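Residue numbers (the numbering used here), protein chains in the order written: chain D, 1 to 495; chain A, 496 to 655.
Using N, Cα and C, we set each Cβ at its ideal position, and we do this for glycine too.
Keep in mind the model is a prediction, meaning the values are calculated, not measured.
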């Protein structure tokens, strides 16, 4: 019951006109960037971080939540209408959705995606509402060694799951770890890896890294492999919304997609790719219209889209309760918390209930807003794709430099932007995944701190790391994750 | 001979080099602050050793003929040969801000960067791009300045 009362308070916070406006701004921005290529939710939130200077935390997070969900909606629109999934989570949607659009059923595909996202987002937010406080309570039991084991699990899983090769995933992770230790050591006050450069004493800011690897790296990569004029938007033919049959075939995939997406989203490294893939495979197996798969089966849009949105809510569980980001977007949200001097984790629920519950309540509101924004207005959204690509990417660079300059006012950071852009270019060109770098970088302080606290308490004995069942479980899971790619390969073959 | 196979050997070497730099940095940290066998340098050393080990693994993979599939991106053909001219034009666009922002200010620096990136993507309307970049940056300069960001002078060279 407590949860309900807290949630009602959250609605009180989220429903104030100012916060409603921020939710609206976030949803609009999110949808726009979901549709535009070259810019995703993590980059957008990173670029919006400067506003945290003048906007309160509650409003800022309400806006960020709108961006997060909005990007999912926008991503499905481009998948269906121009067959370019902006992110891994929309790949499966493109498979069937684009075929549906080509067959003149674009409106139905968009509708099942939007309503499915709404249903999944709402259910997942409900699950978040009731599971987060429980997990937060559990987290109080964690000892430093358990926390360290948890970060090891997060590191391993994200390095293994993202990208095609484990070695490259780990290279990316370790580069992130190296970037994360730059600066003054919090425990002893010694400068580390600063090589005598004063600008490095404060460490490398996650915003700078994120903006550089996503914006600059992407610009360099796309510019040098540019393929102009490939977008042909399929016009939405026929006003036919979903038919009775479409509804009948959609509602079960929505629920199954949610059931897959939410739990996997909460797991470190789960991301949105695996649940959408699983959902697609499952729907294909269960469907009575197997012959339609590959030619535009509505189940193949409904399931993965629901899974995608449910996973997005799922990532908020470990982030809010344990302070553990499991995706690039979650990493930047964590950085935003730190900007406000807030540390997500079990204490956040007791110290900042207004923020946590306001954020959760705004997810419900954001979902509703997005449904209203997306279904009738899709024609307007698609017009965004008319922005010529050269000027679009040029604009992204301008925003990137402004984001970095606005936060730090440091010429060194602007130089770093170019250097990290080149690094990220190489990583893209040779298939090194980017998210492990970001997760490694942002989690290093937590991992190192807990490790050192644990070892200090155990007077240097390594045995302290495997003393509790919790830490043993996490370390064991981390070890098992190393064998996941073999399993996934099988899954892909059957998909 | 597999050892003579053509491949991106430099990738493995670069990773080993990064690891070596980390490891070297860790040896520069005094051990006096150590407590219970773990000091500020321990983590850095582990990261350095890890990177070196991964670099060796990469080299082994390359020797075995590992295929490095590029990441997917919108508006790009991953398999297509790299357009070096476009790459360096865009890179120049990313470097220009660091070189000019203190003297010329954000709007002008952004204007130049905008034009260069647009050019890298094939736009040939130099003047139009310069104007667009300048207008966009000026609008942002006023808007974000209004929101309380420190974006520096409008045109520091002239003292504005």
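Chain A contact for residue i (CB, 8 Å cutoff)
{"i": "residue 391 (chain D)", "result": "yes"}
{"i": "residue 226 (chain D)", "result": "yes"}
{"i": "residue 218 (chain D)", "result": "yes"}
{"i": "residue 372 (chain D)", "result": "no"}
{"i": "residue 181 (chain D)", "result": "yes"}
{"i": "residue 469 (chain D)", "result": "no"}
{"i": "residue 146 (chain D)", "result": "no"}
{"i": "residue 549 (chain D)", "result": "This structure does not reach residue 549 (chain D), given that chain D is present from 1 up to 495, and the question cannot be answered."}
{"i": "residue 429 (chain D)", "result": "yes"}
{"i": "residue 187 (chain D)", "result": "yes"}
{"i": "residue 37 (chain D)", "result": "yes"}
{"i": "residue 178 (chain D)", "result": "yes"}
With 16 other Cβ atoms within 10 Å as the buried cut-off, status of residue i
{"i": "residue 596 (chain A)", "result": "buried"}
{"i": "residue 496 (chain D)", "result": "The displayed coordinates of chain D run from 1 to 495. Any statement about residue 496 (chain D) would go beyond what the structure contains."}
{"i": "residue 525 (chain D)", "result": "With chain D covering only 1 through 495, there is no way to say anything about residue 525 (chain D)."}
{"i": "residue 94 (chain D)", "result": "buried"}
{"i": "residue 303 (chain D)", "result": "buried"}
{"i": "residue 288 (chain D)", "result": "exposed"}
{"i": "residue 391 (chain D)", "result": "buried"}
{"i": "residue 197 (chain D)", "result": "exposed"}
{"i": "residue 195 (chain D)", "result": "exposed"}
{"i": "residue 454 (chain D)", "result": "buried"}
{"i": "residue 480 (chain D)", "result": "exposed"}
{"i": "residue 154 (chain D)", "result": "buried"}
{"i": "residue 446 (chain D)", "result": "buried"}
{"i": "residue 186 (chain D)", "result": "exposed"}
Residue i at chain D interface by Cβ criterion, 8 Å
{"i": "residue 634 (chain A)", "result": "no"}
{"i": "residue 650 (chain A)", "result": "no"}
{"i": "residue 596 (chain A)", "result": "yes"}
{"i": "residue 612 (chain A)", "result": "yes"}
{"i": "residue 557 (chain A)", "result": "no"}
{"i": "residue 467 (chain A)", "result": "Any property of residue 467 (chain A) remains undetermined from this structure, which presents chain A solely from 496 to 655."}
{"i": "residue 615 (chain A)", "result": "yes"}
{"i": "residue 542 (chain A)", "result": "yes"}
{"i": "residue 568 (chain A)", "result": "yes"}
{"i": "residue 654 (chain A)", "result": "no"}
{"i": "residue 508 (chain A)", "result": "no"}
{"i": "residue 512 (chain A)", "result": "no"}
{"i": "residue 546 (chain A)", "result": "yes"}
{"i": "residue 625 (chain A)", "result": "no"}
Residues that residue i contacts on chain D, provided the C-beta gap is smaller than 7 Å
{"i": "residue 549 (chain A)", "result": "167, 170, 171 and 174"}
{"i": "residue 572 (chain A)", "result": "225 and 227"}
{"i": "residue 554 (chain A)", "result": "The premise fails here: residue 554 (chain A) is roughly 10 Å from chain D at the closest Cβ pair, so nothing lies under 7 Å."}
{"i": "residue 599 (chain A)", "result": "Here the premise fails: no neighbours, minimum Cβ distance about 12 Å."}
CB-CB length for residue i against residue j, believed under 8 Å
{"i": "residue 228 (chain D)", "j": "residue 617 (chain A)", "result": "6 Å"}
{"i": "residue 330 (chain D)", "j": "residue 262 (chain D)", "result": "Between residue 262 (chain D) and residue 330 (chain D) the Cβ distance is about 15 Å, and since that is not below 8 Å, they are no contact."}
{"i": "residue 328 (chain D)", "j": "residue 438 (chain D)", "result": "5 Å"}
{"i": "residue 273 (chain D)", "j": "residue 70 (chain D)", "result": "Not a contact, Cβ separation roughly 20 Å."}
{"i": "residue 34 (chain D)", "j": "residue 75 (chain D)", "result": "4 Å"}
{"i": "residue 180 (chain D)", "j": "residue 444 (chain D)", "result": "3 Å"}
Chain-ordered chain A contacts of residue i [CB-CB under 7 Å]
{"i": "residue 202 (chain D)", "result": "Correct list: empty, because the minimum Cβ distance to chain A is about 16 Å."}
{"i": "residue 376 (chain D)", "result": "What residue 376 (chain D) touches in chain A: nothing, since even the nearest Cβ is about 26 Å away."}
{"i": "residue 448 (chain D)", "result": "538"}
{"i": "residue 54 (chain D)", "result": "642 and 643"}
Chain A residues whose Cβ lies nearer than 9 Å to that of residue i
{"i": "residue 134 (chain D)", "result": "Those do not exist, as residue 134 (chain D) stays about 33 Å from chain A at its closest Cβ, beyond 9 Å."}
{"i": "residue 397 (chain D)", "result": "585, 588, 589, 592, 605, 608, 609, 611 and 612"}
{"i": "residue 122 (chain D)", "result": "In chain order: nothing, as chain A lies at least about 29 Å away."}
{"i": "residue 21 (chain D)", "result": "Result: empty, since nearest Cβ-Cβ is about 15 Å, beyond 9 Å."}
{"i": "residue 84 (chain D)", "result": "569 and 570"}
{"i": "residue 46 (chain D)", "result": "Result: empty, since nearest Cβ-Cβ is about 15 Å, beyond 9 Å."}
7 Å Cβ cut-off: residues of chain C touching residue i
{"i": "residue 582 (chain A)", "result": "Of the protein chains in this structure, namely D and A, none is chain C."}
Chain D residues whose Cβ lies nearer than 9 Å to that of residue i
{"i": "residue 639 (chain A)", "result": "50, 51, 402 and 406"}
{"i": "residue 629 (chain A)", "result": "What residue 629 (chain A) touches in chain D: nothing, since even the nearest Cβ is about 10 Å away."}
{"i": "residue 647 (chain A)", "result": "405 and 409"}
Contact list for residue i against chain D, beta-carbon separation under 8 Å
{"i": "residue 520 (chain A)", "result": "192, 193 and 195"}
Contact list for residue i against chain A, beta-carbon separation under 8 Å
{"i": "residue 421 (chain D)", "result": "586 and 589"}
{"i": "residue 164 (chain D)", "result": "564"}
{"i": "residue 529 (chain D)", "result": "Coverage of chain D is limited to positions 1 through 495, which leaves residue 529 (chain D) absent and any answer about it impossible."}
{"i": "residue 414 (chain D)", "result": "592, 593 and 596"}
- Item | Start-end ranges of the alpha helix (DSSP H) lying completely within the stretch 593-648 of chain A, minimum 4 residues | 621-641
- Message: Suppose only complete runs of 4+ residues qualify. What are the alpha helix (DSSP H) ranges in the stretch 170-241 of chain D, listed by chain order?
- Response: 206-211 and 217-224
- alpha helix (DSSP H) runs wholly inside the stretch 89-176 of chain D, at least 4 long, in chain order: 91-102, 106-139 and 144-161
- Query: Along the chain, which unbroken stretches of the beta strand (DSSP E) at least 3 residues long are found entirely within the stretch 255-336 of chain D?
  - Reply: none
- Task: Ignoring anything shorter than 4 residues or poking outside the stretch 358-418 of chain D, list the alpha helix (DSSP H) runs there in chain order.
- Result: 389-408
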